[in-house]
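Below is one structure; the comments refer to it alone.
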Amino acid sequence: MDVRRRSGEPGLHPICFDQIGVVHSPFDALEQLPRQPWEAPHAEGFIELFAAYEDGLHLIERRPWILVVSFLHRVRNNGLHVVTHSGGEPIGVFGARTPYRPNPIAVSRMQLLGREGRRLRVRQMDLLDGTPVIDIKTYIDHREHE
0 MDVRRRSGEP
10 GLHPICFDQI
20 GVVHSPFDAL
30 EQLPRQPWEA
40 PHAEGFIELF
50 AAYEDGLHLI
60 ERRPWILVVS
70 FLHRVRNNGL
80 HVVTHSGGEP
90 IGVFGARTPY
100 RPNPIAVSRM
110 QLLGREGRRL
120 RVRQMDLLDG
130 TPVIDIKTYI
140 DHREHE
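One point on numbering: in numbering that gives the first Met the number 0, the residue at position 142 of the sequence shown is 141, and numbering is uninterrupted.
Listed below in structure tokens is the structure:
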């Protein structure tokens, strides 16, 4: 996956990621997605990793939550300001949870319900069907260690 963009800034280099998997979701259109994952707490789906990455899932089921890093392949950059759902004046994209960003990546926290080979069954799905996955990390709630 080549996500290069040219900004005209000196010293910037293209960044390339390898897609490690794909999302299987009940959502086919941007309009169907929940604004926030907790607005659809029972939305379930699968994260399917490509065969080359299956060994990286070893013992992932020890943690109940994961972070899925994905490339928002159907989102187009609309500049550096957005109007949030609450309305009002435009704010900078870095102060908002909008998918419309200079680099359309997402970090989604999902409940891991189980693993079936290369497929992770998850809840709190907030990504479109077919979304490319670029990384998965286990999520550790800081309150577990206080």
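Ideal placement from N, C-alpha and C gives every residue a C-beta, glycine not left out.
This structure is a prediction, so every number in the text was calculated from the model and none was measured.
If you draw a straight line from the alpha carbon of residue i to that of residue j, how long is it in whole angstroms?
i: Pro-25; j: Glu-43; result: 7 Å
i: Leu-55; j: Pro-40; result: Going by the sequence as given, residue 55 is Gly instead of Leu. If you take the alpha carbons of Gly-55 and Pro-40, they lie about 27 Å apart.
i: Phe-93; j: Arg-117; result: 33 Å
i: Val-81; j: Leu-48; result: 33 Å
i: Ile-59; j: Asp-134; result: 13 Å
i: Gly-86; j: Arg-34; result: 14 Å
i: Leu-79; j: Ala-95; result: 10 Å
i: His-23; j: Leu-119; result: 10 Å
i: Thr-83; j: Tyr-138; result: 27 Å
i: Glu-115; j: Asp-140; result: 24 Å
i: Gly-129; j: Leu-32; result: 13 Å
i: Asn-77; j: Leu-11; result: 21 Å
Among the options, which has the Cα closest to the Cα of residue i?
i: Val-106; options: His-23, Ser-69, Arg-34; result: Ser-69
i: His-72; options: Ile-139, Ile-14, His-41, Leu-127; result: Leu-127
i: Pro-63; options: Arg-117, Leu-11, Gly-113, Gly-129; result: Gly-113
i: Ala-28; options: His-80, Asp-125, Met-109, Asn-77; result: Asp-125
i: Ile-14; options: Met-109, Tyr-138, Pro-103, Gly-129; result: Pro-103
i: Gln-18; options: Glu-38, His-57, Val-67, Gly-87; result: Val-67
i: Pro-36; options: Gln-110, Tyr-138, Thr-130; result: Gln-110
Just verifying my parser: in three-state terms, what is the DSSP assignment at residue i?
i: Pro-79; result: Looking at the sequence itself, residue 79 is Leu, so the reference to Pro does not match. Here Leu-79 sits in coil by DSSP.
i: Pro-131; result: strand
i: Val-74; result: coil
i: His-41; result: coil
i: Arg-96; result: coil
i: His-141; result: helix
i: Arg-19; result: In the sequence on display, residue 19 carries Ile and not Arg. Reduced to three states, the DSSP call for Ile-19 is coil.
i: Arg-34; result: coil
i: Leu-126; result: coil
i: Gly-87; result: coil
i: Gly-55; result: helix
Would the beta-carbon of residue i fall within 8 Å of that of residue j?
i: Val-21; j: Val-132; result: yes
i: Arg-100; j: Gln-123; result: no
i: Val-74; j: Pro-89; result: no
i: Ile-65; j: Lys-136; result: yes
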